[in-house]
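In our numbering, the protein residues as written are 1082 to 1345.
All residues carry an ideal CB built from backbone N, CA and C; glycine is no exception.
Data block below; observations after.
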Ligand code: ADP
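Right under this line is the structure:
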């Protein structure tokens, strides 16, 4: 009846006691899932509420002001546009997380990661220019995995975009791609502001942000890395983050490699 607090008292070691313990484990897991779901809905609502409140405030100011000059009006309308863009980015990310949860649209194509990384870097080069951050790549050939191109693109994009956003002018983002017989490794490292030790364990959680103000200014929602985490797991891989000794962060993604095609 949805009361997950209920626990069966178990004592013995017979099959019935074992069944009781399994029941208790199951209710505990259901309780955790329910809590996560609740927190997710509340975080998501909050995330959508903030830009909506700004839009409301800005539009009220325009409506209630009798003789607002053209320039101020344009400024307000531009801010409304920016908030609407933030909303659409957040909803797009939420949708992508929920698609992954339900496993919709997951394909298992043969993907050349060198090609996808090059395409992604091309798309990110205007942002890198804007932030005065230098991107460099060392990409081996033959780094092939089985998976969904769209998700792999998101993994690379989110990691590299963060490397640019959380950086300093004159800094760098370096992307390396190599393989051995079993795995393909993707390393995205940056010379940026780094992630404090106490935040490292939470960094892949949904809506988690180290510096909310900086993330908001950079248009972030705290969902990018959780998309990376889920997408990597769906490909049977792992993702870890570590501090670089000389400053900045290093994200290491390991995918199971798809077997090399043998020449006929
Ligand atoms: P956001 O949309 O806020 O960038 P992410 O899930 O991508 O969300 O990242 C979560 C938080 O982790 C960010 O808000 C930022 O504080 C921190 N972060 C992520 N990547 C980096 C990085 N390369 N360097 C420093 N901090 C980072």
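Taking the straight line between their C-alpha atoms, what separation do you get for residue i and residue j?
i            : j            : result
residue 1087 : residue 1105 : 8 angstroms
residue 1114 : residue 1120 : 10 angstroms
residue 1111 : residue 1301 : 31 angstroms
residue 1198 : residue 1264 : 17 angstroms
residue 1118 : residue 1124 : 10 angstroms
residue 1170 : residue 1286 : 18 angstroms
residue 1173 : residue 1097 : 48 angstroms
residue 1190 : residue 1339 : 10 angstroms
residue 1206 : residue 1330 : 20 angstroms
residue 1129 : residue 1101 : 42 angstroms
residue 1218 : residue 1202 : 9 angstroms
residue 1210 : residue 1325 : 23 angstroms
residue 1156 : residue 1139 : 10 angstroms
For the ligand ADP, any of its heavy atoms closer than 7 angstroms to the Cβ of residue i?
i            : result
residue 1226 : no
residue 1307 : yes
residue 1296 : yes
residue 1212 : no
residue 1275 : yes
residue 1289 : yes
residue 1123 : no
residue 1216 : no
residue 1284 : yes
residue 1292 : yes
residue 1301 : yes
residue 1330 : yes
residue 1278 : no
residue 1264 : no
residue 1244 : yes
residue 1239 : yes
So what does residue i bridge to, in DSSP terms?
i            : result
residue 1327 : None, per the DSSP bridge assignment.
residue 1336 : 1265
residue 1193 : 1225
residue 1145 : Per DSSP, none; premise fails for residue 1145.
residue 1258 : 1220, 1267
residue 1253 : 1215
residue 1319 : 1335
Using a threshold of 8 angstroms, state whether the C-beta atoms of residue i and residue j are closer than that.
i            : j            : result
residue 1291 : residue 1282 : no
residue 1136 : residue 1164 : yes
residue 1332 : residue 1269 : yes
residue 1312 : residue 1181 : yes
residue 1253 : residue 1272 : yes
residue 1237 : residue 1192 : no
residue 1226 : residue 1241 : no
residue 1307 : residue 1168 : no
residue 1239 : residue 1318 : no
residue 1243 : residue 1214 : no
residue 1284 : residue 1322 : yes
residue 1212 : residue 1250 : yes
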